[in-house]
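For reference, the structure is listed below as structure tokens.
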Amino acid sequence: MKEGFVLPESEITSDEDINLINKYTKRELNKNEVYIFSLVLCDNEIDRDYERFTSESLETLAKLFEGKTGILDHDAKSEKQLARIFSCKIQTLKIKNSLGENYKRLIAKAYIPKTQSSEEIIMQIDSGIKKEISIRCRVEKKLCSICGDNINICHHTKGKSYFNGKNQVLCHAILENPIDAYEWSFVAVPTQVAAGVIKTFSNTNQEYDNSLDIIEKFKNESDKKGMKNLYNVIKNMENEIKIGREYINNMREDVLKHLSFFNPNLNNNTIKKITDSLDYEDLKNLQKNFAKNNLVKSQLAPDFAKADSSEFLEFKI
Ligand SMILES: [Zn+2]
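The sequence shown begins at 0 in numbering that gives the first Met the number 0 and counts up one residue at a time.
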């Protein structure tokens, strides 16, 4: 069962629509006798069951769902048959799905004959009370996105992530070769579940130039479940890196002052080039050496940094 929703746009019945509708009616209806609306039946995104239709599957479903009746809560009693789909098409949006493919969805147009008994459901659709829908269909193959085998047989688990040698990728079932579409239904969906909302993903398969891009990626997705903790860890690491960099820069300045003091004939630029090339271990060794020789701040004070007398002691190791 897959989730979809009614599109909020109000529809105006065209001549083409009424011709298509009349293929399903006992007598010819005119434009004023029908209410029409559009709905999204499904898409090519990984859904809440960790399953995904391929673009080809959507094309097949478009044919299978034409003429199918919509019911309420998947109850197939005739009085609950509310509407009928009279046309289907694939819509490609200018966004990518989570696999980096063009996001595609199956849009259907449905009609309800305007009668006294259908007034209520039409009002509920118009007001957005009846919005969430789900579909029931059968597919021939459910393939594992990791190994390509039947997902019911292979050793991978839907919803788990696996390392493909480059990235962590989510295991999901690829739904191929739909062979039957049973019905579609208006459903009551618990409000905490984000049904009826188009799931949009940024492209997670793109190459990242460096680790900062990845951090930015997590920042952008930090509102998503599971990303928040990871983002906080990265944020703390960023802070620690910043503190570490400041500490090393202070060490470098301190060493530069000492080297300048003891090598007054050396050009300052040359000394700076030397200290810039030193790593943490070199700087630490030099500071230790200065400390051993009792080079206390007071000796340097006349020439250097009188205002920050605590600085040297702070970085004396
Ligand atoms: Zn597998």
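The C-beta atom is built at its ideal place from N, Cα and C for all residues, glycine as well.
It should be emphasised that the depicted structure is a prediction, and the values quoted were computed from it without experimental measurement.
- Residue 244 carries a helical assignment under DSSP once its states are collapsed to helix, strand and coil.
- In this structure, the beta-carbon distance from residue 157 to residue 172 falls below 8 Å.
- Across the structure, residue 250 and residue 46 are spaced so that their CA atoms are roughly 53 Å apart.
- Under the three-pair Cβ rule at 8 Å, the stretch 233 to 249 does not count as touching the stretch 260 to 270.
- In the structure shown, residue 172 falls within a strand segment according to DSSP collapsed to helix, strand and coil.
- Secondary structure of residue 49 (DSSP, three-state): coil.
- Placement of the Cβ of residue 134 at a distance of 7 Å or more from every heavy atom of ligand 1 is found.
- A Cβ-Cβ separation of about 5 Å places residue 37 in contact with residue 108 under the 8 Å criterion.
- When DSSP reads this structure, residue 35 sits in a beta bridge with 110.
- When beta bridges are read from the DSSP output, residue 84 appears opposite 109.
- Sorted by chain position, residues whose beta-carbon lies closer than 5 Å to a non-hydrogen atom of ligand 1 are 143, 145, 146, 153 and 155.
- Per DSSP, residue 6 lies in no alpha helix (DSSP H) segment and is marked neither H nor E.
- Within its own chain, the residues whose Cβ lies closer than 6 Å to the Cβ of residue 274, once the five positions on either side in sequence are excluded, are 251, 254 and 255, listed in chain order.
- With respect to residue 97, residue 44 sits close: the two C-beta atoms are nearer than 8 Å.
- Annotation for residue 71: 79, 81, 184 and 185 place their beta carbon closer than 7 Å to its own, counting only its chain and skipping 5 residues before and after.
- Take residue 167, set aside five residues on each side of it, and the residues of its chain with a beta-carbon closer than 6 Å to its own are 160, in chain order.
- Distances from the CA of residue 4 to each of 153, 131, 266 and 149 were compared; the closest alpha carbon is that of 131.
- Residues of the same chain with a CB within less than 8 Å of the CB of residue 91, apart from the 5 flanking positions on each side, are 101, 102 and 103 in chain order.
- Residue 130 carries a coil assignment under DSSP once its states are collapsed to helix, strand and coil.
- Taking 8 Å as the cut-off, the Cβ atoms of residue 32 and residue 112 count as close.
- Counting along the chain, no beta strand (DSSP E) covers residue 12, and no H or E run does either.
- Across the structure, residue 153 and residue 147 are spaced so that their CA atoms are roughly 9 Å apart.
- With respect to the C-alpha of residue 83, the residue from 74, 59 and 68 having the closest C-alpha is 68.
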